[in-house]
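Residue numbers (my numbering): 628 to 1089.
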Ligand code: ADP
Ligand code: MG
């Protein structure tokens, strides 16, 4: 038994303590200036340090959203200058007066057993993404109802497959199901990307037996963003076996994806048909009413949390709802900006204030596609699109090609393999190389920096 516990912990990221938080705070002050530092960054605390990521404490959810939307990239960059192995930062909300207790709680948790620690690394259910604060509307009603039904009658709809575009609430619903079922079931909640990460790690460590055991013992298996397994044959194989063995023993499976099973790209037919074998429900783009209801609810939440009145008029709510097009994640981001502005200036905003605040935001939100990037970049460098996509390696063609790949990674939600495919079927490692090269040049070379900024503004303006 002991042995097993130890082995499972192999998947968890090792805890490490090398950072001196005061030094990092000082560097924040220098980089961001004292105004931003005093109002925001000073309040961030270091909760836990692993070799590849940090858990930082922030006082409120609003605070976290604000920091993530405005400063995260720079924060990560700064912290990385102290510790190169870091790849990401996670935030934990710790109410100011409870901060000490919370930290103690976490430390205790870690002492309990190693297995707990590894579960923490797999099963990050977010207590805030529950059914209670999921707002229903025409576009998500069916998905919502069946998610609830799955919780009432486990394994009646099996698998439940939830599909819909980015930022429409898939992860929120899956997480809500996990929360609802976790007391009476062994719930496993994992993104397909993390599933792959653990899969590869286990292969490298020659530890597949534990990997299989670990996933197959769940009675509710929730896997987010399954489209990610596209193209990865051995991963699909493993997923297929996990899927079958869970179905055989009557476990409930819940899956999300950005598209319907039969529309999945480069996924084996037998898997697609397995995925469609239960119930497929769709989340569509929100209508105006749903967007307004989400905004109202968010404002209420913030008012309750801070015990303060938020001055946002109905007119402004209508404006924000109408202007933000399809994505609920962005809608919430936009709303946070409006609220922050109204608080800082302590005034009731008019629609025209709002227009000004959001000018930048809405233009950034405009949909930027790989096609558009390819067109604009090739025009900018005066080469033809087919030259840019060709296999020729001369620098006047290779650089623009790399810039276009870099921007596709930075400005769209496409994955590396997808981007590779759109560049005449190149491998994802070529895309990684391009992203690295251009990131480096954009830092060192003024000409490159200027080119990139100009292309970005062309993309945003058009
Ligand atoms: P997806 O997984 O489909 O990309 P998410 O579940 O991450 O989208 O949702 C994006 C954000 O929008 C999250 O903060 C989520 O809580 C919020 N959200 C989405 N749909 C709703 C809803 N119907 N009610 C309340 N919040 C929602
Ligand atoms: Mg998601």
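Ideal Cβ positions, reconstructed from N, Cα and C, are used throughout, including at glycine.
Closer than 7 angstroms: residue i CB and nearest the ligand ADP heavy atom
| i | result |
| --- | --- |
| residue 793 | yes |
| residue 812 | no |
| residue 761 | yes |
| residue 756 | yes |
| residue 955 | yes |
| residue 931 | no |
| residue 973 | no |
| residue 1092 | Residue numbering for the chain in the displayed model covers 628 to 1089; residue 1092 lies beyond these limits and cannot be assessed. |
| residue 1098 | A question about residue 1098 goes unanswered here, because the residues of the chain that appear run from 628 up to 1089. |
| residue 767 | yes |
| residue 849 | no |
| residue 959 | yes |
DSSP three-state assignment for residue i, whether helix, strand or coil
| i | result |
| --- | --- |
| residue 672 | strand |
| residue 852 | coil |
| residue 1081 | helix |
| residue 661 | helix |
| residue 719 | strand |
| residue 816 | strand |
| residue 861 | helix |
| residue 885 | coil |
| residue 1073 | helix |
| residue 682 | strand |
| residue 961 | helix |
| residue 879 | strand |
| residue 909 | strand |
| residue 946 | helix |
| residue 784 | coil |
| residue 777 | helix |
| residue 698 | coil |
| residue 847 | strand |
| residue 789 | strand |
| residue 1086 | helix |
| residue 738 | Caution is warranted here: a pLDDT of 27 is assigned to residue 738, below 50, making its placement in the model unreliable, and the coordinate value is therefore given only provisionally. The answer is helix: DSSP assigns residue 738 an H, G or I state. |
| residue 677 | strand |
| residue 759 | coil |
| residue 994 | coil |
Member of the options whose CA lies at the smallest distance from the CA of residue i
| i | options | result |
| --- | --- | --- |
| residue 679 | 660, 667 and 646 | 646 |
| residue 1103 | 930, 934, 939 and 908 | Only positions 628 to 1089 of the chain appear in this structure, which leaves residue 1103 out of reach. |
| residue 719 | 689, 683 and 808 | 683 |
| residue 812 | 717, 781 and 979 | 781 |
| residue 809 | 793, 845 and 788 | 845 |
| residue 1077 | 1050, 1007 and 976 | 1007 |
| residue 667 | 653, 675 and 685 | 685 |
| residue 922 | 961, 935, 773 and 1042 | 961 |
| residue 1093 | 838, 1030 and 945 | Because residue 1093 is not part of the residues shown, which for the chain are 628 to 1089, the question remains open. |
| residue 849 | 689, 865 and 800 | 800 |
| residue 935 | 967, 834 and 769 | 967 |
| residue 859 | 835, 874, 891 and 912 | 891 |
| residue 1034 | 1022, 1004, 795 and 1014 | 1004 |
| residue 658 | 926, 699, 832 and 644 | 699 |
| residue 806 | 833, 827, 853 and 752 | 752 |
| residue 1055 | 696, 1044 and 855 | 1044 |
| residue 672 | 688, 649 and 660 | 649 |
Residue i classed as buried or exposed, judged by whether at least 16 other C-beta atoms fall within 10 angstroms
| i | result |
| --- | --- |
| residue 983 | exposed |
| residue 933 | exposed |
| residue 877 | exposed |
| residue 1061 | buried |
| residue 788 | buried |
| residue 692 | buried |
| residue 773 | buried |
| residue 851 | buried |
| residue 865 | buried |
| residue 798 | buried |
| residue 578 | Nothing about residue 578 can be read from this structure; the chain reaches only from 628 to 1089. |
| residue 879 | buried |
| residue 734 | Residue confidence is low: residue 734 scores 32 on pLDDT, short of 50, so the model does not pin down where it sits. No coordinate-derived value is stated. |
| residue 767 | buried |
| residue 888 | buried |
- Specify which residues have a beta carbon nearer than 7 angstroms to any heavy atom of the ligand MG, listing them in chain order. In chain order, the hits are 797, 798, 851, 852 and 883.
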